[in-house]
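Reading through the structure tokens given below for one structure.
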Amino acid sequence: MTNEQIAALIGTGEADELLPMLWERTRKLYRKMSNVYASSHSERCLQCGVTAEDILSECYFVMLDAIKAYNKRPPGQADNKFTSYCGYHFKNRANSLLGIRTKKQINEPLNTAISLSTPVSNNSMGSPDETELGDLLPDTHSEEELHAYEDEEFRMQIREAVQEELADDPVALRVIEQRYYQERTLEAVGDDMSLSRERISQIQEAVLRRLKNNRKIQVLAGRLDPYRHISVDTFRREGSIVEQIVERRYESQRRSKVNRYAAYFSSLSDEALTKDLEMMRALPEASRNGMLEMIEALNEVTRRRGLGTVPLNDSGSGWW
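So the number in the working numbering is just where the residue sits in the sequence shown, counting from 1, plus 3.
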């Protein structure tokens, strides 16, 4: 897998675990750039107490900036190398570290604005006041966004609990989905399922009674303590209801990520997959441990093609 392919995958927002791999591949370049910069700005570095290692530590953020720039490149730069986007962002970060600003930066409005970290003096209480200007500015959107996120999360959890409860009755599940998720009338649902309005109403009432007694839905609705009404053996084996829901959600998200990687690897040739296998095996264990979903997907594809796998160790706690 090339640097460009890795940067493109990270740019989707679903492959942050590849960041250590890209960093390992490009760190030598950043070290060279840091040494050259520190040498050419030796006097300024001495005044600011900045070393080449300090500059190198900023290069991780240079890499992040370069990834964004690479994934926003215009069509005419489609064939550009990823590393070609590092120089500009390296210079910006290094200059900022030494307090060097361009003429354009000096004239930017933010450079003449009042800092939100400016202390607000108020000694009426007879004690030092640590309040800053930014603390007094209201955020009119944060609370709305938080509530929206919580509402969406709650709806998803309820829907999963309903689907699990009605997994053995597809007719009932279909009625509930159309009535409450699609907000269709009894008549419309009856027409769609070739049933009378009265029959749809009967199914709906029976399902609602069934769901009302579902323990997980009661927990989500706040009517039941998630740590009560569960046997000791079940708790030791599976945890509380909330823990079970969280674990299933995590596994669903993990599996979704594996499937996306598997789709990508399936599009590669046997030769390319073999190279990826060799690269994975050569990576440090710490780096591999951060890419378990990717390696699982790679193994699924390479196993089907008879190309070998990256094996698990005996304890299953990491990758060799």
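Cβ atoms here follow ideal geometry from the backbone N, Cα and C, with glycine treated the same way. Please read all numbers here as calculations on a predicted model, not as lab measurements.
Residue i vs residue j beta-carbon contact at 8 Å
| i | j | result |
| --- | --- | --- |
| A345 | I58 | This structure does not reach residue 345, given that the chain is present from 4 up to 323, and the question cannot be answered. |
| M24 | L286 | yes |
| L198 | V165 | no |
| D279 | M4 | yes |
| F93 | C62 | yes |
| M196 | R177 | yes |
| E288 | V261 | no |
| G193 | R182 | no |
| M294 | E20 | yes |
| T29 | A41 | no |
| R291 | M282 | no |
DSSP state of residue i mapped onto helix, strand, coil
| i | result |
| --- | --- |
| P122 | strand |
| R162 | helix |
| A265 | helix |
| P229 | Residue confidence for P229 is low, a pLDDT of 44 falling below 50, so the modelled location carries little weight and cannot support an answer. |
| T188 | coil |
| N292 | helix |
| N74 | helix |
| G309 | coil |
| V53 | coil |
| P287 | coil |
| K278 | helix |
| K84 | coil |
| R193 | This sequence places Gly at residue 193; Arg is not what is there. It is helical. |
| L101 | coil |
| D273 | helix |
| H92 | helix |
| S320 | Confidence at S320 is low in this model, with a pLDDT of 38, below 50, so its placement is unreliable and the value that follows should be read with caution. S320: coil per DSSP, three-state reduction. |
| D172 | coil |
| S199 | coil |
| N302 | helix |
| M4 | coil |
| P131 | Confidence is the limiting factor: at P131 the pLDDT is only 47, short of 50, which leaves the residue's position unreliable, though a coordinate-based value still follows. Note: P131 maps to coil in three-state DSSP. |
| S234 | Per-residue confidence for S234 stands at a pLDDT of 47, beneath the threshold of 50, marking its modelled position as unreliable; the derived number appears in the next sentence. Residue state, collapsed to three classes: coil. |
Selected residue, minimal CA-CA separation from residue i, among the options
| i | options | result |
| --- | --- | --- |
| Y73 | Q8, K94 and R308 | Q8 |
| G102 | E168, G52, K219 and E17 | G52 |
| R212 | E201, S259, Y184 and A175 | A175 |
| R308 | R291, G293 and T277 | T277 |
| Q221 | R202, E168, C89 and L271 | E168 |
| I161 | D172, D171 and E180 | E180 |
| V304 | S272, R34, C89 and N292 | S272 |
| A324 | E274, L310 and Q256 | Any answer about residue 324 is impossible in this case: the structure gives the chain only from 4 up to 323. |
| I13 | A275, Y40 and D68 | D68 |
| L310 | S290, E274, N292 and R76 | E274 |
| F64 | V313, N217, R291 and L22 | L22 |
| L49 | Y88, N292, N95 and L100 | L100 |
| D82 | T312, N6, S269 and R218 | N6 |
| N98 | R34, R47 and A170 | R47 |
| Y91 | P78, Q185, P173 and Y33 | Y33 |
Below-8 Å beta-carbon distance, residue i vs any chain C residue
| i | result |
| --- | --- |
| T29 | The displayed structure is made up of one protein chain only, and chain C is not part of it. |
_Measuring CB atoms only, is the segment 206-216 touching the segment 177-194, in the sense that at least three cross pairs come out at less than 8 Å?_
yes
Runs of 4 residues minimum, wholly inside the segment 6-39: which ones carry the alpha helix (DSSP H) assignment?
6-14
Count Cβ pairs between the segment 263-272 and the segment 283-302 that sit closer than 8 Å; are there 3 or more? yes
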